[in-house]
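J.: Residue numbers (my numbering): 2 to 640.
Every residue, glycine too, gets a C-beta built ideally from N, C-alpha and C.
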């Protein structure tokens, strides 16, 4: 208790001046002493006396035997604290005093940290932090308060369904006093007082929290799973993404992940999801935080479509209104680097939604960088698609939460096989997976099972199913292996049926470069609306022709307004081809993109023949490249 001594410092009285203490609203019983006089306010009248308040949390009884006059609620009086009983009850007696010296008492307190509240259940604590979410329930108002150690829900009650403390807004810094309670296995603070910090006090607290948050957001220093300089040079960029993601969790801002709905996209997103969910569990006391703060959503196209961004933005605004949340951060994985993403990004810019991108498609940095807050892509370091997004994101996830490393050692190999990576490092990744009990055939089956599941899930993330297929966050090894075997066998059967229908219609020609060109109309000569879809069907035909010929091969699977492209041993700069086609074929409406060996384009239906003829002409001029030639059958899906 901090008091002014009137004998030494009082402005009017001397040592004999009666002293009456006035407790600040946040004062507790530790700030009061037996035998001292206090200003009090009547808060209740009963047959056996009156109850009085000295502060928000210091109250007691003046027994009717000590009363010489009557009081009403709200009346002010001076009382002496006669006794603090063993059960915590306080006993007061009224005192008549003329011209007392009033001394203000400010509560001296130690600010608790949200991360240590589990050790203070039942205690009254003081918290200082930022309000990051406000949710009105049918009973209390729930304020989620964040400091550098985590986030805790704090319940303030005005009356059922009525907003408590309407003067408090999201992003306000507050000082809160309340009792730590445990409800349904989770911690919650029952609010006694809640005030917004202002002026110098606010600045001091904000600086303290900002410094501590920045320090805690620092990613973990992890050693790469394998020694690969090409990937290691991306580590500083990945560390910056990891820091922004950790900081976003600490600020209780939701994270929305959009990833390509294929094997590499899921090998990228699932490790990051697991790492962030573990970090959310550590830093947030509310058990529903994982559900509200993280959402993973697949994208069928290898870019952020307007349909997807419109849906995402609508859900985000609804969550903001319904749950009192901040608008989310968007994390793009295995897509997001191209000019096709710009319209969606421009839409998000109206709401200042941060965007982070980790991708290995050929990027258009001049187009996308004005809209995004972080961009990791091997092409920015003169590398290429062989460093898959799944490989990068396994390291990213370990930077966020390194304890999951043992669950992820097989994932880079699955990502590389799924996305046809021809990197020399694939040998080491496969050996690493083999050391965890996965042979190369089973890794290939896992990639096939991921693609098969993604096709039938459509736009559903299939979190539990996909976790079991990839064995990330899965709690049943036997079920994982049985599931992979079942799904990969079904995929193989469906693929054989599809190819039996399509292969007789594949057309062949030999280009001037001596490369083989195969074409097939997958719209009319393959089953529709079933597995494998056009992109996968084209890839399977391509793989057969590569294995059959042993020569450089290009395969085109086309429909009324699209074409899927595959190459082996031929350097196709598909993004450059798209640019040239769009300029040369007037009215063709050509768009699309991809890597050096795989991609897809769209065009106006009525211009299909002109676009395809021009495309074949460019392929005929493409350079043969032995470094891009392989007879290894991989798995890829780009619809």
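Taking C-alpha atoms, which residue in 560, 541, 504 and 536 lies nearest to residue 525?
T.: 560
J.: How big is the Cα-Cα spacing for residue 463 and residue 33?
T.: 58 angstroms
J.: Measure from the alpha carbon of residue 177 to the alpha carbon of each residue in 126, 202 and 215, then state which is nearest.
T.: For the residues 126, 202 and 215, the minimum Cα distance to residue 177 belongs to 126.
J.: Could you give the first and the last residue of the continuous beta strand (DSSP E) run that contains residue 525?
T.: Counting along the chain, residue 525 falls outside any beta strand (DSSP E), and DSSP gives it neither H nor E.
J.: Quick one: grab the DSSP three-state call for residue 314.
T.: helix
J.: Residue 163 to residue 140, Cα distance in whole Å?
T.: The alpha-carbon separation between residue 163 and residue 140 amounts to approximately 7 angstroms.
J.: From 132, 274, 229 and 221, pick the residue whose C-alpha is nearest to that of residue 641; which is it?
T.: Not covered by the structure: residue 641. The range shown for the chain is 2 to 640.
J.: For residue 253 and residue 147, what's the separation of their Cα atoms in angstroms?
T.: 8 angstroms
J.: Under the DSSP definition of a beta bridge, which residues are partnered with residue 183?
T.: 188
J.: Work out the CA separation of residue 369 and residue 587 for me, nearest whole Å.
T.: 26 angstroms
J.: Since residue 121 and residue 154 are thought to touch, with beta carbons under 8 angstroms apart, how far apart are those beta carbons, to the nearest angstrom?
T.: With 8 angstroms as the limit, residue 121 and residue 154 do not qualify as a contact, their Cβ atoms being about 15 angstroms apart.
J.: Start and end of the alpha helix (DSSP H) containing residue 394?
T.: 390–401
J.: Starting from residue 164 and walking both ways along the beta strand (DSSP E), at which residues does that stretch end?
T.: Where residue 164 is concerned, there is no enclosing beta strand (DSSP E), given that its DSSP letter is neither H nor E.
J.: Return helix, strand or coil for residue 196, following the three-state DSSP convention.
T.: strand
J.: Rounding to the nearest angstrom, what Cα-Cα distance links residue 359 and residue 260 in this structure?
T.: 10 angstroms
J.: Just mark residue 98 as buried or exposed, buried being the case when its beta carbon has 16 or more other beta carbons within 10 Å.
T.: By the neighbour-count rule (16 or more Cβ atoms within 10 Å), residue 98 is not buried but exposed.
J.: Whose C-beta lies closer than 8 angstroms to the C-beta of residue 629 among residues of the same chain, with five residues either side of it excluded?
T.: Shown here for residue 629: same chain residues with a beta carbon closer than 8 angstroms to its own, the five before and five after excluded, namely 423, 568, 569, 570, 571, 572, 597 and 598 in chain order.
J.: For residue 540, does the three-state DSSP call read helix, strand or coil?
T.: DSSP places residue 540 within a helical segment (H, G or I) once states are collapsed to three.
J.: Using the three-state DSSP reduction, which class does residue 324 fall into: helix, strand or coil?
T.: In the displayed model, residue 324 falls within a helix according to three-state DSSP.
J.: Which residues in the same chain have their Cβ closer than 7 angstroms to the Cβ of residue 329, if we skip the five residues on either side of it in sequence?
T.: 254, 255, 256, 257, 317 and 354
J.: Going along the chain, which residues of its own chain have a beta-carbon closer than 6 angstroms to the beta-carbon of residue 6, five neighbours each way excluded?
T.: The predicted model places residue 6 with a pLDDT of 43, which falls under 50 and marks its position as unreliable; any figure quoted below should be read in that light. Excluding residues within five positions, none has a Cβ falling inside 6 angstroms.
J.: Please report the distance separating the alpha-carbon of residue 128 from that of residue 115.
T.: 8 angstroms
J.: Could you tell me the alpha carbon to alpha carbon distance between residue 1 and residue 201, rounded to whole angstroms?
T.: As shown, the chain starts at 2 and ends at 640. That puts residue 1 outside it, with no answer to give.
J.: Skipping 5 residues on each side, what residues in its chain have a beta carbon closer than 6 angstroms to that of residue 352?
T.: Excluding sequence neighbours, residue 352 sits near 328.
J.: Please state whether DSSP places residue 602 in a helix, a strand or coil.
T.: In the structure shown, residue 602 sits in a strand (DSSP, three-state: E or B).
J.: Does DSSP classify residue 468 as helix, strand or coil?
T.: helix
J.: Compare the C-alpha of residue 76 against each of 106, 42, 326 and 105 and name the closest.
T.: 42
J.: Nearest-angstrom Cα distance between residue 582 and residue 612?
T.: 7 angstroms
J.: Cβ of residue 470 within 8 angstroms of Cβ of residue 454?
T.: yes
J.: Compare the C-alpha of residue 111 against each of 434, 156, 233 and 27 and name the closest.
T.: Comparing C-alpha distances from residue 111 to each of 434, 156, 233 and 27 shows the shortest one belongs to 27.
J.: Identify whether residue 443 lies in helix, strand or coil by the three-state DSSP scheme.
T.: It is helical.
J.: Is there contact between the stretch 601–616 and the stretch 420–434, where contact requires at least three CB pairs shorter than 8 angstroms?
T.: no
J.: Starting from the Cα of residue 577, find the closest Cα among 248, 365 and 397 and give me that residue.
T.: 365
J.: Please work out which residues of its chain come closer than 8 angstroms, Cβ to Cβ, to residue 367, disregarding the five sequence neighbours upstream and downstream, and give them in chain order.
T.: Excluding the 5 residues flanking it on each side, residue 367 has no same chain C-beta neighbour closer than 8 angstroms.
J.: Find the nearest neighbour of residue 320 within the set 134, 280, 117 and 621, judged by alpha-carbon distance.
T.: 134
J.: Identify whether residue 1 lies in helix, strand or coil by the three-state DSSP scheme.
T.: Since the first residue shown for the chain is 2 and the last is 640, residue 1 is missing from the structure and cannot be characterised.
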